[in-house]
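According to my numbering, the residues represented by the sequence shown are 8 to 595, in order. Quick notes on the structure that follows.
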Amino acid sequence: MDNRRLLLAIALSVLILVGFEWLLPKQNQQALHERAMQTTQATPSADAPHPVTDLAPPGTSPAPIPPPSHHARLPIEAPSVHGSIDLVGARLDDLLLTGYRETVRPNSPQVRVLEPADEKQPNFVQFGWSGVGAGTRVPDSSTLWTADRPRLTPAAPVTLSWDNGAGLVFQIVLSVDRDYMFTVEQRVRNTTAQPVSLYPWSRVSRGYTPQVTGGYLVHEGPIAVVDGRLEQMSYSGLKSKSAEEGGTGWSATQAAGPQSGWAGITDKYWLTAIIPDGDRPTVASYRYDASQGAGTYQVDFISPAALAVPADGTLVSAAHVFAGAKEVHVLDTYQARLHITDFWKAIDFGWFAFLTKPIFYVLDWLNTALGNFGLALMAFTLIVKTLFFPLATKQFRSMGKMKLLAPKMQAVRERHKGDPVAMNQEMMTLYKQESVNPASGCLPMLVQIPVFWCLYKDLVVTIEMRHAPFFGWIHDLSEPDPTNVFNLFGLLPFDPSALSPFLHLGVWPMVLGGTMLLMQRMNPPPPDPAQARLFQLMPLIFMFVLARQPAGLVIYYCWNNLLTVAQQWLIQRQTRLGGARQVSTVSR
Numbered sequence: 008m009d010n011r012r013l014l015l016a017i018a019l020s021v022l023i024l025v026g027f028e029w030l031l032p033k034q035n036q037q038a039l040h041e042r043a044m045q046t047t048q049a050t051p052s053a054d055a056p057h058p059v060t061d062l063a064p065p066g067t068s069p070a071p072i073p074p075p076s077h078h079a080r081l082p083i084e085a086p087s088v089h090g091s092i093d094l095v096g097a098r099l100d101d102l103l104l105t106g107y108r109e110t111v112r113p114n115s116p117q118v119r120v121l122e123p124a125d126e127k128q129p130n131f132v133q134f135g136w137s138g139v140g141a142g143t144r145v146p147d148s149s150t151l152w153t154a155d156r157p158r159l160t161p162a163a164p165v166t167l168s169w170d171n172g173a174g175l176v177f178q179i180v181l182s183v184d185r186d187y188m189f190t191v192e193q194r195v196r197n198t199t200a201q202p203v204s205l206y207p208w209s210r211v212s213r214g215y216t217p218q219v220t221g222g223y224l225v226h227e228g229p230i231a232v233v234d235g236r237l238e239q240m241s242y243s244g245l246k247s248k249s250a251e252e253g254g255t256g257w258s259a260t261q262a263a264g265p266q267s268g269w270a271g272i273t274d275k276y277w278l279t280a281i282i283p284d285g286d287r288p289t290v291a292s293y294r295y296d297a298s299q300g301a302g303t304y305q306v307d308f309i310s311p312a313a314l315a316v317p318a319d320g321t322l323v324s325a326a327h328v329f330a331g332a333k334e335v336h337v338l339d340t341y342q343a344r345l346h347i348t349d350f351w352k353a354i355d356f357g358w359f360a361f362l363t364k365p366i367f368y369v370l371d372w373l374n375t376a377l378g379n380f381g382l383a384l385m386a387f388t389l390i391v392k393t394l395f396f397p398l399a400t401k402q403f404r405s406m407g408k409m410k411l412l413a414p415k416m417q418a419v420r421e422r423h424k425g426d427p428v429a430m431n432q433e434m435m436t437l438y439k440q441e442s443v444n445p446a447s448g449c450l451p452m453l454v455q456i457p458v459f460w461c462l463y464k465d466l467v468v469t470i471e472m473r474h475a476p477f478f479g480w481i482h483d484l485s486e487p488d489p490t491n492v493f494n495l496f497g498l499l500p501f502d503p504s505a506l507s508p509f510l511h512l513g514v515w516p517m518v519l520g521g522t523m524l525l526m527q528r529m530n531p532p533p534p535d536p537a538q539a540r541l542f543q544l545m546p547l548i549f550m551f552v553l554a555r556q557p558a559g560l561v562i563y564y565c566w567n568n569l570l571t572v573a574q575q576w577l578i579q580r581q582t583r584l585g586g587a588r589q590v591s592t593v594s595r
C-alpha cells in the first residue's frame with residue numbers, strides 16, 4: 008500500500024509539472040488576450056484607422072506582391088548575418104546566419120531566417136507609412152527605393168530614399184551590428200507649406216505555416232511583450248481568432264516609456280521581432296489572412312494616432328529589428344543595452360524560468376570551463392548529487408531498514424491474506440515499532456524532479472545545446488542517439504523507425520536500462536508482487552521512452568544513476584561498518 012502511495016506521489020508530481028507547462032499557459036494567454044483587446048478598444052484616437060483591418064497597412068488597399076527583383080537588391084554583409092534587402096518595397100527579406108547550419112554536417116546549408124516573397128517560404132520585415140485621406144502619396148510594396156551606398160555593413164549604414172513628387176521625401180536609414188540587430192529610422196521631410204499627417208508602421212510577415220518542431224514544450228508562432236505582458240499564440244489559434252474577429256487575432260497598446268515592448272514571430276531557435284522606440288505609444292497586433300497565397304501571418308506596429316510632419320520640417324520614427332538566433336547572452340545584452348522589456352522571454356524557459364534559466368547559466372559556465380556540454384551535464388549532475396547528499400543519505404538508510412524488515416513484512420502478509428485492513432494496520436504497527444517511515448525515501452526523489460525537468464527544458468529550448476557534440480557518435484546532444492539496435496547499429500541499410508517510432512533504440516538508452524537494473528539490484532523489491540513485476544519492467548519501458556529524447560538527457564540520466572549507485576553503496580557500507588562497531592562494543 009505504501010509503495011502504491013509512493014508511485015502515486017511521483018506520478019502526481021510529474022503531472023503537475025507537465026500541467027503547468029501545457030495547460031496553465033493556455034488559460035493565461037486567453038486572459039491576456041481579453042485584457043489586451045479591452046486596452047486597444049479604449050485607445051483614444053478620433054481619426055486613426057483601425058490598426059488591424061487587413062494585412063495591408065491601415066489606410067491603404069492591399070498592394071500586389073511585385074515580381075522578383077534580383078536586379079534591385081542591397082547586399083548585407085555582417086559577421087553574424089549576410090543577405091540582401093529588396094529595394095522594391097524596401098523589404099528586409101533575405102537573411103542567412105553565418106554561424107549556424109541546418110545539420111551537423113560542415114557542408115550543410117546555412118540557416119535562413121528571412122526569405123523573399125516569391126520563394127517557397129516567404130518571410131520578411133517591412134517598414135512604411137499610411138496617409139490620412141486619399142491626398143497623400145506614400146510608398147507601397149511596388150515602390151523602388153534608392154540607396155546611397157552599395158552595401159550595408161556594421162561600419163557603413165545605408166539610407167534608402169524615395170521622393171513622392173509632391174513635396175515629401177521618405178527615407179529609411181538602416182544600420183546593423185555585429186550580431187542580429189538592425190536599427191531602422193523612418194524619416195519624412197516635408198518641403199511643402201502645409202503640415203502632413205502620417206501613420207508610420209512596421210510589420211513582420213510570414214507567408215506559410217512552418218512545421219512546429221518543439222511540441223508543447225516550446226512556443227512557436229506569434230509572440231509579443233506589450234506593456235510588460237507576455238502574449239503567445241499558436242498558428243492554429245491565430246487562424247481561429249482571426250476568423251472569429253474579422254482579421255484581428257490580437258492587439259494591444261504599448262504606452263510610451265523608457266522600456267520598449269516588442270513583437271514578432273518565433274521558431275524554436277530563431278526569432279524575427281520588431282522593437283519600436285519607447286518615446287511614442289504604438290499599437291501591436293497580429294493576425295492571419297487566408298486569402299493571400301498559402302495563408303499569411305503578420306505581426307505589426309502602428310501609431311495609434313496620426314503623427315504630424317510640420318511644414319518645412321522632418322518627422323523621425325525609430326525602431327529595431329532582431330532577426331537571428333535566440334542566444335541567451337545575446338538577448339540579455341540587448342535587453343540591458345536597448346531597454347527591451349523581458350526580451351529573454353523569447354526563449355520559452357516556461358513557468359519554472361526562475362530555476363530553468365539559472366541552471367542554464369551553470370551549464371553554460373561549465374561548458375566554457377570544460378569545453379564540452381556533455382561533460383558540463385555530468386559535472387552539473389555531480390554538483391546536484393553533492394547538494395542533495397544529506398537527503399539521499401536519509402533515503403538510503405530508510406531503504407536499508409525496509410530491506411531488513413522484508414521477512415517480517417512477508418510474514419504479516421501471509422497471516423492476513425484475506426483481510427487487507429488488518430494487514431495494513433499491523434504493517435503500520437510494525438513500522439512504528441521499528442521507527443521506519445516507508446515514504447521517507449520519496450522526498451529526495453520529489454526534490455530532484457524539478458531540477459530534472461528544468462534540465463530537460465534547457466536541452467530542448469536553448470540553441471546553445473543545438474549541435475553541441477559529446478564523444479563518439481553523439482554529434483548533437485539536443486537530438487536522440489542516432490544509433491539503432493534494430494538495424495544492427497547501421498550495418499543493415501534501412502531505418503526501422505520509419506516503420507514505427509518505437510523501433511528506435513540506441514546505445515545510450517540501452518546503457519540507461521542497464522544502470523536502472525543495477526539500481527534495482529541494490530534496492531529492496533516492493534512487497535506487493537504486482538508492483539515488483541512492474542518495477543522489473545521499468546528499465547525496459549524507460550529504454551524505449553527515452554530513446555526518442557535528446558541524447559544529452561539520456562547521458563545525464565545514465566550518469567545520475569551511476570552516481571546514485573555509488574552513493575548508495577557508500578552509505579550502505581558506512582551503515583554496515585557502523586553496525587559492526589556497535590556489535591564489537593557490546594561484545595566487549
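We treat Cβ as the ideally placed atom computed from N, Cα and C, and that holds for glycine.
Exercise. State the DSSP-derived secondary structure class of residue 156, mapped to helix, strand or coil.
Key: To locate residue 156, count along the sequence shown from 1; it is residue 149. Three-state result, residue 156: coil.
Exercise. Evaluate the contact criterion for the segment 121-138 versus the segment 196-211: three or more CB pairs, one atom per stretch, below 8 Å.
Key: yes
Quiz prompt | Proximity to residue 563 [Cα-Cα], best of 522, 496, 105 | solution = The sequence position of residue 563 within the sequence shown is 556, counting from 1. Closest by alpha carbon: 522.
Quiz item: Got a sec, what are the start and stop residues for the alpha helix (DSSP H) residue 310 sits in?
Solution: The residue labelled residue 310 in the question sits at position 303 within the sequence shown. No alpha helix (DSSP H) holds residue 310; DSSP gives it neither H nor E.
Quiz item: How many Å lie between residue 364 and residue 227 at the Cα?
Solution: Looking up residue 364 in the sequence shown gives position 357. Looking up residue 227 in the sequence shown gives position 220. Cα to Cα, residue 364 sits roughly 19 Å from residue 227.
Quiz item: Going along the chain, which residues of its own chain have a beta-carbon closer than 7 Å to the beta-carbon of residue 104, five neighbours each way excluded?
Solution: Along the sequence shown, read from residue 1 onward, the residue named residue 104 stands at position 97. Same-chain partners within the cutoff: 87, 88, 117, 118, 120, 331, 332.
Quiz item: Can you check whether the CB of residue 287 is closer than 7 Å to the CB of residue 262?
Solution: As a first step, residue 262 must be located in the sequence shown, where it is residue number 255. As a first step, residue 287 must be located in the sequence shown, where it is residue number 280. For residue 262 and residue 287, no; Cβs fall outside 7 Å.
Exercise. Kindly say whether residue 576, judged by its beta-carbon, lies nearer than 7 Å to any beta-carbon of chain B.
Key: Of the protein chains in the structure, only one exists, and it is not chain B.
Quiz item: Among 84, 80, 102, 85, which has the Cα closest to the Cα of residue 93?
Solution: Numbered from 1 along the sequence shown, position 86 holds the residue referred to as residue 93. Distance check between residue 93 and each of 84, 80, 102, 85 places 80 closest, using alpha-carbon atoms only.
Quiz item: What is the rounded straight-line gap between the Cα of residue 516 and the Cα of residue 510?
Solution: The residue given as residue 516 occupies position 509 in the sequence shown. The residue given as residue 510 occupies position 503 in the sequence shown. Looking at the two C-alpha atoms, the distance is approximately 13 Å.
Self-check item: C-alpha gap between residue 260 and residue 272, whole angstroms
Solution: By 1-based counting over the sequence shown, the position of residue 260 is 253. By 1-based counting over the sequence shown, the position of residue 272 is 265. Spanning the two alpha carbons is a distance of roughly 18 Å.
Exercise. Determine, using beta carbons only, whether residue 360 and residue 373 come nearer to each other than 7 Å.
Key: On the sequence shown, position 353 is the one that residue 360 refers to. On the sequence shown, position 366 is the one that residue 373 refers to. Judged by beta-carbon spacing, residue 373 lies beyond the 7 Å limit of residue 360, meaning their Cβ atoms are not closer than that value.
Practice problem: Note down the Cα distance separating residue 461 from residue 313, rounded to an integer number of angstroms. | Solution: Translated into positions along the sequence shown, residue 461 becomes position 454. Translated into positions along the sequence shown, residue 313 becomes position 306. Rounded to the nearest angstrom, the two C-alpha atoms are 46 Å apart.
Quiz item: Measuring CA to CA, which of 91, 538, 459, 489 is closest to residue 568?
Solution: Stepping through the sequence shown from its first residue, residue 568 is reached at position 561. Of the listed residues, the one whose Cα sits closest to residue 568 is 459.
Quiz item: For the 8 Å Cβ check, are there 3 or more pairs between the segment 178-185 and the segment 300-320?
Solution: Taking 8 Å as the limit for Cβ pairs, the verdict is that the segment 300-320 does not touch the segment 178-185.
Practice problem: Put residue 45 into one of helix, strand or coil per three-state DSSP. | Solution: As a working note, residue 45 is residue 38 in the sequence shown. Reliability fails at residue 45, whose pLDDT of 35 lies under 50, so the model's placement of it is uncertain and the value that follows must be treated cautiously. Three-state result, residue 45: helix.
Quiz item: Which residues does DSSP pair with residue 83 in a beta bridge?
Solution: Here residue 83 is taken as the residue at index 76 of the sequence shown, counted from 1. DSSP output for residue 83 lists 90, 159 as bridge partner(s).
Practice problem: Report the option in 520, 161, 231 whose CA atom is closest to the CA atom of residue 351. | Solution: Here the question's residue 351 lines up with position 344 in the sequence shown. Comparing alpha-carbon positions, the option among 520, 161, 231 lying closest to residue 351 turns out to be 231.
Quiz item: What is the DSSP secondary structure of residue 130, counted as helix, strand or coil?
Solution: Counted from its first residue, the sequence shown places residue 130 at position 123. Strand, per DSSP.
Quiz item: Would DSSP call residue 240 helix, strand or coil?
Solution: The count along the sequence shown starts at 1 and reaches residue 240 at position 233. In the three-state scheme derived from DSSP, where H, G and I count as helix and E and B as strand, residue 240 is classed as coil.
Quiz prompt | DSSP bridge partner residues for residue 281 (one or two, in chain order) | solution = Your numbering for residue 281 matches position 274 in the sequence shown. As computed with DSSP, residue 281 is found in a beta bridge with 270, 328.
Quiz prompt | Boundaries of the alpha helix (DSSP H) in which residue 381 is found, first to last residue | solution = The residue given as residue 381 occupies position 374 in the sequence shown. 380-394 is the extent of the alpha helix (DSSP H) around residue 381.
Quiz item: Nearest-angstrom Cα distance between residue 576 and residue 435?
Solution: What you label residue 576 is simply residue 569 of the sequence shown in a count that begins at 1. What you label residue 435 is simply residue 428 of the sequence shown in a count that begins at 1. Inter-residue distance for residue 576 and residue 435 is about 28 Å (C-alpha atoms, whole angstroms).
Quiz item: Could you check where the beta strand (DSSP E) with residue 180 kicks off and where it finishes?
Solution: Translated into the one-based positions of the sequence shown, residue 180 becomes position 173. It spans 175-183 - the beta strand (DSSP E) in which residue 180 sits, taken as one unbroken run.
Quiz item: Which one of 85, 109, 130 has the shortest CA to CA distance from residue 98?
Solution: On the sequence shown, position 91 is the one that residue 98 refers to. Closest by alpha carbon: 130.
Quiz prompt | Bridge-paired residues (DSSP) for residue 291 | solution = For the purposes of this step, residue 291 is taken as residue 284 along the sequence shown, with counting starting at 1. DSSP, once it has assigned bridges, lists 259, 308 as partnering residue 291.
Quiz item: With which residues is residue 197 paired in a DSSP beta bridge?
Solution: Residue mapping note: residue 197 aligns to position 190 of the sequence shown, counting from 1. Bridge partners of residue 197: 175, 320.
Quiz item: Given that a residue counts as buried once 16 or more other Cβ atoms are within 10 Å of its Cβ, and exposed if not, what is residue 170?
Solution: What you label residue 170 is simply residue 163 of the sequence shown in a count that begins at 1. Residue 170 is exposed by the Cβ-count criterion.
Quiz item: Apart from the five residues just before and just after residue 580, which ones in its own chain have a Cβ nearer than 8 Å to its Cβ?
Solution: For the purposes of this step, residue 580 is identified with residue 573 of the sequence shown, where counting begins at 1. If you ignore the 5 residues before and after residue 580, its C-beta comes within less than 8 Å of no other C-beta in its own chain.
Practice problem: Starting from the Cα of residue 212, find the closest Cα among 183, 349, 296 and give me that residue. | Solution: The residue labelled residue 212 in the question sits at position 205 within the sequence shown. Ranking the options by Cα distance to residue 212, first place goes to 296.
Self-check item: Range of the contiguous beta strand (DSSP E) that encloses residue 100
Solution: In the sequence shown, residue 100 corresponds to position 93, counting from 1. Segment 98-108, the beta strand (DSSP E) holding residue 100.
Quiz prompt | Any 3 or more C-beta pairs closer than 8 Å across the segment 315-331 and the segment 195-203 | solution = Yes, they touch.
Quiz item: Smallest Cα separation from residue 518: which of 499, 553, 539, 497?
Solution: Locating residue 518 in the sequence shown gives position 511, counting from the first residue. The shortest C-alpha separation from residue 518 is found at 553.
Quiz item: Which whole-angstrom value describes the C-beta separation of residue 183 and residue 161, a residue pair presumed to lie in contact below a C-beta threshold of 8 Å?
Solution: To locate residue 183, count along the sequence shown from 1; it is residue 176. To locate residue 161, count along the sequence shown from 1; it is residue 154. The pair is a contact, with the Cβ atoms about 6 Å apart (cut-off 8 Å).
Quiz item: Taking C-beta to C-beta, are residue 366 and residue 468 nearer than 7 Å?
Solution: As a first step, residue 366 is located in the sequence shown; it is residue number 359 there, counting from the start. As a first step, residue 468 is located in the sequence shown; it is residue number 461 there, counting from the start. Not closer than 7 Å, so no.
Self-check item: Through-space distance from residue 320 to residue 201, alpha-carbon basis
Solution: For the purposes of this step, residue 201 is identified with residue 194 of the sequence shown, where counting begins at 1. For the purposes of this step, residue 320 is identified with residue 313 of the sequence shown, where counting begins at 1. If I take the Cα positions, the gap works out to 10 Å.
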